Amino acid sequence: MAARKTPLDHGLWLTIIACLLYFAGRAPFAGQWDSFDYLKQIATHRLSDLGFGRPVFIAYNIALWETMRKVFGLGPHQLEAVAMAGTILLGGIGMWLFLCLARKLLPARAAQMAALGFLLSPLYAIYSGYVMTEVPMLAALLAAAVLLWSSDAGRLGGKDLAGGAFFGIAVGIREQAATLAGAFLWILLVRRGTLSSRRRSILRFSAAALATALAPALAIYFHDPASFARRIENWLRILPTGETHLWKNIQASLLYTFLLCPAAWSAALGAAVRRLNVWRRRRAEENSRGGDPACVPEQAGSRAATQSHAWRLETSSAKIFRGIALSLALPLAVLWRDADVQLHPRYLLVVLPASMILCASLYHRWAPSPRAFAVWTALHLLAFGATWVVVQPFRQLQREKKEFARIVRERVPGEALLLAGSYSPVFDYYRALGERPQWTILWSGWGWERNKEEAAILDAWKQGRPVYLCDGPAAWLYFEDQRLDLHFILLPKRKELVAPGLLRVYP
């Protein structure tokens, strides 16, 4: 009798479930700092100031927004909902693509486990509801991996080119995708049977990837070489690096890698402990019988179970180890030079597929009992539910920030200088939409200089522009030193409470 199929066997149902789940858990207020930067750039048709401009991410969101705006007559403030819906949809598509990849790599039951773990990954679910680049990047990378894993000799050329194009698209969405270049070359080396076919596949993949990834950057460069050089220089200059951050970066990256799929890592660890205990017990039994393995009764079906649960990769252990190193360890090591990894768990999403494949395969091999799938499912549901409870205070904070932003828009209708803290990109987004074009934002973040900011405040007073200090919910989180600068600059000045958390400062 054929086994009864579940939603985990149907990519369409799994995609629908994923989209509904991620829609229910979407961010109440677009996401994080960069989210409003992206929204502003989509609204104004400008490239991001990050990396090479994130041209593919900005471009497809512009196309999506302009299409939806013209078809449905949407207003400017609905851009946030449209961009978020696009990310949610790509999150669901990424789920389906991962299922396709898992089926190629793992036995059927292990593939189901991996798909369930990916669906209920706490960080993937959270960031699928943000206007961010990581989830779209991951969807493009998974599409490339599914195409390249094929061994159909008659269609390799087209799949190599398509896989390279998707990889280049992923780099255009977020430059971090380039850290997986070694993993994709490993796929070609493993899946192509002869040396000549490997060479041809690598050449086709590399040509398509380079052309797709570099074309937007070269277009930006030739359009304005000086501006391009300044963009790259500023981007590299502001990245917080250095040996002082290294150990903290390593700790943060390992912690967030665990939090990507805590249930999967816990299950794999538990299975490893169980396997070790079984091995020790058997050794003890062998020793008690004089060291003759033949005297130890073999568990019924153990040999068949071992064979049936073998990983489907037709490669040696050394090749598998290299694949894991290139798809998991190398991207992690690259992040150790960026101190922002301490603040943003989303940076680790790039290693989620490799982590889930590794954990599901190990658990499936080391815990082949009939209850293994039920235990795996229970652990993931428990971890997902616990995460949902833990993030509720953060979601409430986002609602409070959204309400504070609404109050500021109402109470400051005209020209003003806003000392905005973490609200800097939010208010700049509203300014770019044309709702408050008279606003000037005193940005927090990189490049803050106390003397320069004090001069900007004094200049606003000289020109007769009102100055407002925003002390709303989490307004100066991570910018406490800059708030301290403002405290001393504004200490002798008269202040008027306009609304809770909003002060007007007089000269």
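Taking the numbering used here, the leading residue of the sequence shown gets 45, the next gets one more, and so forth.
Beta carbons: idealized from backbone N, C-alpha and C, even for Gly.
Everything numeric in this text was worked out from a predicted model, so none of it was measured.
Best match in the options for proximity to residue i [C-alpha to C-alpha]
i: Val-175; options: Ala-189, Val-190, Val-126, Gly-465; result: Val-126
i: Arg-480; options: Arg-450, Trp-492, Gly-508, Gly-491; result: Arg-450
i: Gly-458; options: Thr-431, Val-511, Cys-403; result: Val-511
i: Ile-246; options: Leu-200, Phe-448, Gly-117, Leu-290; result: Leu-200
i: Pro-260; options: Glu-498, Ala-225, Gly-216, Ala-74; result: Gly-216
i: Tyr-82; options: Asp-472, Ala-499, Leu-149, Glu-444; result: Asp-472
i: Ala-155; options: Gly-226, Trp-487, Leu-402; result: Leu-402
i: Ala-312; options: Met-400, Glu-329, Thr-238; result: Met-400
i: Ala-398; options: Leu-502, Trp-410, Ala-369; result: Ala-369
i: Phe-228; options: Ala-74, Ser-241, Glu-219, Phe-211; result: Phe-211
i: Tyr-550; options: Asp-503, Ala-518, Asp-529; result: Asp-503
i: Leu-426; options: Ser-371, Gln-507, Cys-305, Lys-496; result: Cys-305
i: Ala-68; options: Met-128, Leu-123, Cys-144; result: Met-128
i: Thr-431; options: Pro-166, Arg-275, Ala-273; result: Pro-166
i: Leu-164; options: Glu-329, Arg-218, Trp-420, Gly-226; result: Trp-420
i: Ala-416; options: Trp-323, Glu-110, Met-157; result: Met-157
i: Val-452; options: Val-394, Ala-315, Cys-514; result: Cys-514
Anticipated Cβ contact below 8 Å, residue i with residue j, distance rounded
i: Leu-91; j: Pro-99; result: 6 Å
i: Arg-303; j: Pro-375; result: In the sequence on display, residue 303 carries Leu and not Arg. About 16 Å; that fails the 8 Å criterion.
i: Ala-460; j: Arg-538; result: In fact, because the Cβ distance is near 17 Å, the residues do not count as touching under 8 Å.
i: Asn-321; j: Val-385; result: With 8 Å as the limit, Asn-321 and Val-385 do not qualify as a contact, their Cβ atoms being about 36 Å apart.
i: Ser-250; j: Gly-208; result: 7 Å
i: Ala-373; j: Gly-161; result: About 20 Å; that fails the 8 Å criterion.
i: Leu-463; j: Leu-530; result: 6 Å
i: Ser-488; j: Gln-526; result: 5 Å
Beta-carbon proximity list for residue i, same chain, < 6 Å, skipping 5 on both sides
i: Ala-214; result: Met-181, Ala-184, Leu-185, Ala-221
i: Gly-367; result: Trp-230
i: Arg-318; result: none
i: Trp-77; result: Pro-469
i: Gly-120; result: The identity of residue 120 in the sequence shown is Pro, whereas the question assumes Gly. Counting only Cβ-Cβ distances below 6 Å, and skipping sequence neighbours, we find Leu-477.
i: Asn-130; result: Looking at the sequence provided, one finds Gly at residue 130 rather than Asn. Closer than 6 Å at Cβ, skipping near neighbours: Leu-108.
i: Lys-148; result: Trp-193
i: Asn-495; result: none
DSSP-derived helix/strand/coil call for residue i
i: Arg-153; result: helix
i: Ala-519; result: coil
i: Tyr-550; result: strand
i: Glu-540; result: strand
i: Leu-486; result: strand
i: Leu-205; result: helix
i: Tyr-174; result: coil
i: Val-511; result: strand
i: Ala-71; result: coil
i: Ala-464; result: strand
i: Arg-275; result: helix
i: Val-433; result: helix
i: Gln-220; result: helix
i: Gly-545; result: coil
i: Asp-503; result: helix
i: Ala-531; result: According to the sequence shown, residue 531 is His rather than Ala. His-531: helix per DSSP, three-state reduction.
i: Gly-161; result: helix
i: Arg-236; result: coil
i: His-121; result: helix
i: Ala-103; result: helix
i: Gly-138; result: helix
i: Pro-166; result: helix
i: Leu-477; result: coil
i: Gly-130; result: helix
Contacting residues, own chain, Cβ-Cβ under 7 Å from residue i (five flanking each side not counted)
i: Ala-71; result: Gly-173, Tyr-174, Gln-442
i: Trp-140; result: Gly-55, Leu-58, Thr-59
i: Glu-498; result: Ile-533
i: Leu-541; result: Leu-547
Neighbourhood of residue i by C-beta distance below 8 Å, restricted to the same chain and skipping five residues each side
i: Arg-243; result: none
i: Tyr-66; result: Ile-132, Gly-135, Gly-136, Ala-169, Ser-172, Gly-173
i: Lys-446; result: Pro-72, Phe-73
i: Arg-455; result: Val-542, Ala-543, Leu-546
Exposure of residue i, with buried meaning 16 or more beta-carbon neighbours within 10 Å
i: Pro-269; result: exposed
i: Lys-84; result: buried
i: Trp-483; result: buried
i: Tyr-436; result: For the record, residue 436 in the displayed sequence is Gln; it is not Tyr. Exposed, by the Cβ-count rule.
i: Tyr-474; result: buried
i: Pro-544; result: exposed
i: Tyr-407; result: buried
i: Asn-105; result: buried
i: His-89; result: exposed
i: His-424; result: buried
i: Phe-80; result: buried
i: Pro-414; result: exposed
i: Tyr-391; result: buried
i: Gln-440; result: exposed
i: Arg-218; result: buried
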